[in-house]
Amino acid sequence: MEYSVLKKVILVCYLVIFCNPNAYASLPDFTALVEAVAPAVVKINTVSKPVAKDDQPRLQGQMPEIFRELLEQRQRPVRPSRTMGSGFVISDDGYILTNHHVVDKAEEIQVQFADRSEYTATIIGSDRRSDLALLKIDAKNLPSLKFAESDSTKVGAWVLAIGSPFGLDYSVTAGIVSAIGRSLPTEQGENYVPFIQTDVAINRGNSGGPLFNLDGQVVGINSQIYSPTGGSVGLSFSIPVSIASNVVAQLRDNGKVKRGFLGVGISDVSKSLAEAMGLPSTMGAGINSVMPGSAADNGGIFPGDIIVSVNGQSILRSGDLPHIVGLIEPGKSIKIVVYREGKQKKLTVKVGALEGDEDTLASRNEEADRLGIAAVAAEQSQLRSLRLRGGIVVSEVLADSPADVAGLKVDDIIVQLGYSRIDDLDEYDSVIGELPTNTPVAIRFYRGGNAVFRTIQINQ
């Protein structure tokens with residue numbers, strides 16, 4: 000293209016974009032929206048107690064027990080950990096929603112409003128799998144926000160975020176919804192959140208803050224970003240209100256979350272597999288494996304089946320299956336359509352319960368027991384990796400308690416106390432109630448994959 004022609008094209012584009020008053024007519028004005036919703040958005044600061052830092056953690060597993068004890072006694076304490084995040088009020092009596100990772104292991108939680116008022120918050124419940132936590136402050140008549148309808152968010156819609164990126168109070172950013180239903184498996188391989196993807200600028204400190212539509216309703220809770228640099232590159236992900244409303248209701252009522260579970264290994268269906276199985280299109284969740292005794296096993300689902308719908312909801316990709324089943328209450332019967340050997344088959348399956356959700360209760364709000372610890376149930380993934388039948392995980396150790404003197408630490412997995420094996424919290428509660436005082440008792444636990452055998456003594 001000749002230079003003179005290129006100049007004319009650029010001039011025309013300039014006139015169309017910058018000189019046409021109608022070009023700006025469709026762009027939203029966020030000022031009234033921000034004024035209405037900002038008072039209900041909060042800044043969250045947390046403090047976690049200091050933990051000992053191993054000088055040579057990789058070598059401890061190879062050391063005799065006596066040398067590990069000596070090394071632990073010389074571990075250097077570190078300063079308390081401080082984190083920051085965002086949140087928002089969901090009811091005028093002081094309930095606040097934020098991310099699980101914002102308040103995880105926090106000993107102190109301070110909530111600050113835009114008018115500079117501050118409150119101390121307690122954790123009602125926290126759920127790792129959805130990355131949501133419900134807090135409570137002692138206050139009344141607070142400004143609060145409402146959730147939008149679950150399926151109202153559309154790709155291309157304008158959305159707005161308010162939070163405290165890098166500690167900068169109540170920063171406002173805007174963008175559009177880039178995609179919905181994004182599957183982002185966790186480090187544990189779990190996938191129970193169909194994330195909303197946006198190009199809204201989200202950075203450290205925005206976590207837990209609200210994502211609004213233009214009606215001032217919350218459509219998502221900002222959770223994470225994708226970034227090779229650590230800063231915003233236009234890929235942010237929010238937890239949709241379809242998940243948040245379910246989790247909030249359970250945390251508020253029970254302090255923990257129960258999820259439906261089928262017990263299958265799944266994968267996406269390729270075009271060639273869809274043709275071979277007689278599917279009308281490339282869709283569904285291919286069943287790679289079925290856990291013995293699981294809901295799927297009992298309901299007649301076989302390896303090689305392709306699930307295409309659950310209770311009338313289509314399964315377009317394999318990630319849709321845990322998103323849908325996870326929201327179903329354990330014990331309920333559901334209708335599942337599968338393709339098997341080229342034919343469609345309808346099944347009725349009673350949904351099971353996902354194990355390991357007991358840890359969603361905020362253990363730091365519980366009273367420590369006779370040993371001076373708080374504990375939660377071990378997750379099945381932890382037990383499988385260590386080839387254990389059961390155990391409980393230490394979630395808190397009080398200073399100068401019998402457990403502290405014995406050298407127990409957070410995340411240790413207790414499997415034996417005295418002569419009794421500890422498989423779950425009920426067994427543990429029963430055993431510690433009968434432990435003698437002023438008498439050393441054997442305790443066996445796992446730390447970093449290594450078994451440790453010591454004694455613990457309760458003094459009067």
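Residue numbers for the sequence shown follow this note's numbering, so the first one is 0 and each next one is one higher. Note that CB positions come from ideal geometry on N, CA and C, so glycine has one too. Values in this document were obtained by computation on a predicted structure and should not be read as measured data.
> Does the beta-carbon of Y225 have 16 or more other beta-carbons within 10 angstroms, so that it is buried, or is it exposed?
Replying inline: On the sequence shown, position 226 is the one that residue 225 refers to. Y225 comes out exposed.
> If we count Cβ pairs, one from each stretch, closer than 8 Å, do we get three or more for the region 83-102 versus the region 210-225?
Replying inline: yes
> Excluding five sequence neighbours on each side, which residues of the same chain lie with their C-beta closer than 6 Å to the C-beta of G285?
Replying inline: Working through the sequence shown from its first residue, we reach residue 285 at position 286. For G285, where only same-chain residues beyond five positions count, the Cβ hits under 6 Å are S266, V268 and I305.
>> Let's see if you can read the secondary structure: which residues bound the beta strand (DSSP E) around T347?
In response: Here the question's residue 347 lines up with position 348 in the sequence shown. Per DSSP, T347 belongs to the beta strand (DSSP E) from K342 to K349.
> Quick check: the region 404-414 against the region 439-457, are there 3 or more CB pairs under 8 Å?
Replying inline: yes
>> How far does the alpha helix (DSSP H) with V33 in it extend, from its first residue to its last?
In response: On the sequence shown, residue 33 is found 34 positions in, with the first residue counted as 1. First-last of the alpha helix (DSSP H) with V33: T30 to V36.
> What number of angstroms, rounded off, separates the C-alpha of D54 from the C-alpha of V33?
Replying inline: One-based indexing of the sequence shown puts residue 54 at position 55. One-based indexing of the sequence shown puts residue 33 at position 34. Note on D54: pLDDT 44, under 50, position unreliable in the model; the coordinate value appears next. For D54 and V33, the distance between alpha carbons rounds to 49 Å.
> What residue ranges within the region 304-339 form continuous beta strand (DSSP E) runs of no fewer than 3 residues, ordered along the chain?
Replying inline: 305-309 and 332-339
>> Give me the residue from I161, D137 and E395 with the minimum Cα distance to V36.
In response: By 1-based counting over the sequence shown, the position of residue 36 is 37. The shortest Cα separation from V36 among I161, D137 and E395 belongs to I161.
>> Tell me which residues share the same chain as R363 and place their Cβ nearer than 6 Å to its Cβ, disregarding the 5 neighbours each side in the sequence.
In response: In the sequence shown, the residue the question calls residue 363 occupies position 364. Per-residue confidence for R363 stands at a pLDDT of 37, beneath the threshold of 50, marking its modelled position as unreliable; the derived number appears in the next sentence. So the list reads E395, once near-sequence residues are dropped.
> By a C-beta neighbour count over all protein chains shown, 10 Å radius and 16 as the cutoff for buried, is A39 buried or exposed?
Replying inline: In the sequence shown, counting from the first residue as 1, residue 39 sits at position 40. Looking at its Cβ environment, which holds 16 or more other Cβ atoms inside 10 Å, A39 is buried.
> Under a three-way DSSP split, which group does V289 fall into?
Replying inline: The residue given as residue 289 occupies position 290 in the sequence shown. Strand at V289.
>> Pull the bridge partners of F301 from the DSSP assignment, please.
In response: Counting from one through the sequence shown, the residue named residue 301 turns up at place 302. Paired residue(s): none; F301 is not in a bridge.
>> Is the beta carbon of A376 closer than 8 Å to that of D410?
In response: Locating residue 410 in the sequence shown gives position 411, where the first residue counts as 1. Locating residue 376 in the sequence shown gives position 377, where the first residue counts as 1. For D410 and A376, no; Cβs fall outside 8 Å.
> What residue range is occupied by the uninterrupted beta strand (DSSP E) comprising N212?
Replying inline: The sequence position of residue 212 within the sequence shown is 213, counting from 1. Premise fails: N212 is in no beta strand (DSSP E) and is neither H nor E.
>> Helix, strand or coil for V463? Go by DSSP, reduced to three states.
In response: Here the chain has residues from 0 to 459 only, and residue 463 is not among them.
>> Please return the same chain residues whose Cβ sits closer than 6 Å to the Cβ of V171, not counting the five positions on each side in sequence.
In response: Sequence index remark: in the sequence shown, residue 171 carries index 172 (1-based). So the list reads V33 and I161, once near-sequence residues are dropped.
> For the 8 Å Cβ check, are there 3 or more pairs between the region 117-135 and the region 94-106?
Replying inline: yes
> Out of curiosity, what's the CA-to-CA distance linking E117 and A138?
Replying inline: Position 118 of the sequence shown, counting from 1, holds the residue named residue 117. Position 139 of the sequence shown, counting from 1, holds the residue named residue 138. Between E117 and A138, the C-alpha separation is close to 10 Å.
>> Here's a check: name, in chain order, each residue in its chain whose Cβ is nearer than 8 Å to the Cβ of T347, leaving out the five neighbours to either side.
In response: Position 348 of the sequence shown, counted from the start, is the residue given in the question as residue 347. G298, S332, I333, K334 and I335, listed in sequence order.
> When you compare only the Cα positions, how much space is there between L210 and L144?
Replying inline: Stepping through the sequence shown from its first residue, residue 210 is reached at position 211. Stepping through the sequence shown from its first residue, residue 144 is reached at position 145. In a straight line, the C-alpha of L210 is about 11 Å away from that of L144.
> Secondary structure at E274, three-state DSSP: helix, strand or coil?
Replying inline: The sequence position of residue 274 within the sequence shown is 275, counting from 1. Here E274 sits in helix by DSSP.
>> If distances are taken between C-alpha atoms only, which option among V41, G303 and Q216 comes closest to Q109?
In response: Looking up residue 109 in the sequence shown gives position 110. Nearest option by C-alpha distance: V41.
> Can you name, in chain order, every residue of its own chain whose Cβ lies under 8 Å from the Cβ of E357, other than the five neighbours on each side?
Replying inline: As a first step, residue 357 is located in the sequence shown; it is residue number 358 there, counting from the start. With a pLDDT of 43 at E357, under the threshold of 50, the predicted position of this residue should be treated as unreliable, and no value is reported.
> Which value, in whole angstroms, describes the spacing of the CA atoms of S429 and I122?
Replying inline: Here residue 429 corresponds to residue number 430 of the sequence shown, with the count starting at 1. Here residue 122 corresponds to residue number 123 of the sequence shown, with the count starting at 1. Distance between the alpha carbons of S429 and I122: 27 Å.
>> Helix, strand or coil, according to DSSP, for N245 in the structure here?
In response: For the purposes of this step, residue 245 is identified with residue 246 of the sequence shown, where counting begins at 1. Of the three classes helix, strand and coil, the one that applies to N245 here is helix, per DSSP.
> Residues bridged to M83 by DSSP?
Replying inline: In the sequence shown, residue 83 corresponds to position 84, counting from 1. According to DSSP, M83 bridges with N44.
> Around the C-beta of I179, are 16 or more other C-beta atoms found within 10 angstroms, so that it is buried, or is it exposed?
Replying inline: Residue 179 sits at position 180 when you count from the first residue of the sequence shown. Buried is the call here.
> Would you call T119 buried or exposed, if buried means 16 or more other Cβ atoms sit within 10 Å of its Cβ?
Replying inline: Position 120 of the sequence shown, counted from the first residue, corresponds to residue 119. Flag for T119 reads exposed.
>> Checking the sheet assignment: what are the DSSP bridge partners for L159?
In response: Taking the sequence shown and counting its residues from 1, the one referred to as residue 159 is at position 160. In the DSSP output, where bridge partners are listed per residue, L159 has A173 and F211.
>> What does the alpha-carbon distance come out to for the pair A398 and E107?
In response: Locating residue 398 in the sequence shown gives position 399, counting from the first residue. Locating residue 107 in the sequence shown gives position 108, counting from the first residue. Their backbone Cα atoms lie some 16 Å apart in a straight line.
> Any chance the region 188-195 sits against the region 230-250, with 3 or more Cβ pairs inside 8 Å?
Replying inline: yes
>> Check this for me: beta carbons of Q379 and E354, under 8 Å apart or not?
In response: Counted from its first residue, the sequence shown places residue 379 at position 380. Counted from its first residue, the sequence shown places residue 354 at position 355. A contact, by the Cβ cut-off of 8 Å.
> How big is the Cα-Cα spacing for Q469 and T152?
Replying inline: Lying outside 0 to 459, the shown extent of the chain, residue 469 is not represented and no answer is given.
>> Counting C-beta neighbours from all protein chains within 10 Å, is the total for V154 16 or more, i.e. buried, or is it exposed?
In response: By 1-based counting over the sequence shown, the position of residue 154 is 155. So V154 ends up on the exposed side.
>> Within a Cβ cutoff of 6 Å, which residues of the same chain sit near F452, ignoring the five residues on either side of it in sequence?
In response: The residue labelled residue 452 in the question sits at position 453 within the sequence shown. These residues qualify, in order along the chain: R443.
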